[in-house]
Amino acid sequence: MAKAGCFSSFLESSKPYFAMISLQFGYAGMNIITKVSLNRGMSHYVLVVYRHAFATAVIAPFAFFFERKAQPKITLPIFMQIFVLALLGPVIDQNFYYAGLKYTSPTFSCAMSNMLPAMTFVMAVICRMEKLDMKKVRCQAKVVGTVLTVAGAMLMTLYKGPIVEMLWSKYIHPRKSYVTDTTGTGDKHWFLGSILLTIATLAWASLFVLQNKALQTYRNHQLSLTSMVCFIGTLQAIAVTFVMEHKPSVWKIGFDMNLLAAAYAGIVTSSISYYVQGLVMKTRGPVFATAFSPLMMIIVAIMGSFILAEQIFLGSVLGAVLIVFGLYSVLWGKHKEGLEIKEEIPEVIKGSHVNSVSMSAINGDAESNKLSSVAISMPIPESGMKANPKPSA
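To convert, note that position 182 of the sequence shown is 280 in the working numbering; the numbers rise steadily by one, no gaps.
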């Protein structure tokens, strides 16, 4: 009986780890399948439309059944918030990410996405949502981490270096249509793809800044917010596609890789991942959830070398290492900051001399740190609405 109890206790404590590892495999599969679909000629504009249409169809019923009571009233300011969230996430972020993925590789795109926490930290400081006290070690860690991620991204963009051969590469003979273009004239496209991925990450970070405000209204209706953002994002993506794609044939989709890419991204990474990661965050917090994001990059690198014959360059490896170190430095700083807030508030509450002004200041400090807690809660890139009211390639 004792052994059975220990085993069940082990399984219970291991659930968050299994859940996060499974999610990283899910995200990695999305990047590989999407890359194959884009290589076969599918328009990334159309892919964004279908992806978020699937996401809306999956999330909306749950929002209706579980959150239909006491829905917040949609005023003009709230509608504009949702509209801009949809524009930043499903439209700008996703289109630029897919375009960057098309010009580079899945591994490179995943590595660049790890810049998100550092980029969000910079935007939070600019918007005065994050306090920066360089006398504290946690603030120094966040600044150093931001510098490392930027340096890593620049290294990956400007330097390729020799090809890093995988042990199994010589035994793989992929189909020509699947191979990533990483040689010859692809250098210019590689640089353009890097710029597109950086813009996508910047839009993603901007989304977190605005989402912090929207979540104050939809604190108890997160599924509703997600479904509305996906729905409005679908409409916006349709308008963008009509402007950018003039051939009716681009909308054709059958029971092929294009349908799989859209359905997989919409259902797995824009729906299931929201729910699973939300459960993990409730028990372990956002730092735990984000700590697994580099695992996806490793999985994509291995899968990409098998399926796409992806060539990995030394510059990408070195840059990815810098980005991962920077990521964990920022996360460590945020973790320490969260611990300090938890320690400070109870001590102040115990004091009988606390007045209403000091309590307001405490509430303001706690509110100002919500942004970063949300910002580091989304490791990967590419969820439908990447900014999950949970936590989005």
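The beta-carbon is built from N, C-alpha and C at its ideal position, and this holds for glycine as well.
DSSP, reduced to helix, strand and coil, places Phe411 within a strand of the structure shown. Scanning its chain for C-beta atoms nearer than 7 angstroms, with the 5 sequence neighbours on each side dropped, one finds around Tyr316 the residues Pro170, Ser322, Leu323 and Pro487, in chain order. Looking at the DSSP output, Val262 sits in a beta bridge with Ile410. Secondary structure at Glu165: helix, using DSSP grouped into helix, strand and coil.
Listed in chain order, the non-local C-beta contacts of Val428 below 8 angstroms within the same chain comprise Pro215, Ala216, Phe219, Ala239, Lys240, Gly243, Thr244, Thr247 and Ile474, local neighbours out to five positions each way being set aside. Fewer than three pairs of CB atoms, one per stretch, sit closer than 8 angstroms, so the region 107 to 115 makes no contact with the region 355 to 363. No Cβ-Cβ contact shorter than 8 angstroms links Tyr196 with Val147. At the C-beta level, Leu393 and Ile119 come within 8 angstroms of one another. Burial is judged here by how many other beta carbons sit within 10 angstroms of a residue's own beta carbon; Met178 has fewer than 16 and is exposed. Met140 is the residue among Met140, Val422 and Val374 whose C-alpha sits nearest the C-alpha of Ile351.
Its chain contains Tyr201 as the residues whose beta carbon lies nearer than 6 angstroms to that of His287, once the 5 sequence neighbours on both sides are disregarded; these appear in chain order.
Ranking Arg382, Lys440, Ala363 and Val378 by CA distance to the CA of Ala126 puts Ala363 first. With fewer than 16 other Cβ atoms inside 10 Å of its own Cβ, Ser347 counts as exposed. DSSP, reduced to helix, strand and coil, places His150 within a helical segment of the structure shown. Of the candidates Cys225, Gly431 and Leu294, the residue whose Cα lies closest to the Cα of Gln192 is Leu294. Counting C-beta pairs with one atom in each stretch, the region 337 to 345 and the region 254 to 261 have fewer than three that are closer than 8 angstroms, which means they do not touch. Spatial neighbours of Ala418 in its own chain (CB-CB distance under 6 angstroms, excluding positions within 5 residues in sequence) are listed in chain order as Ala209.
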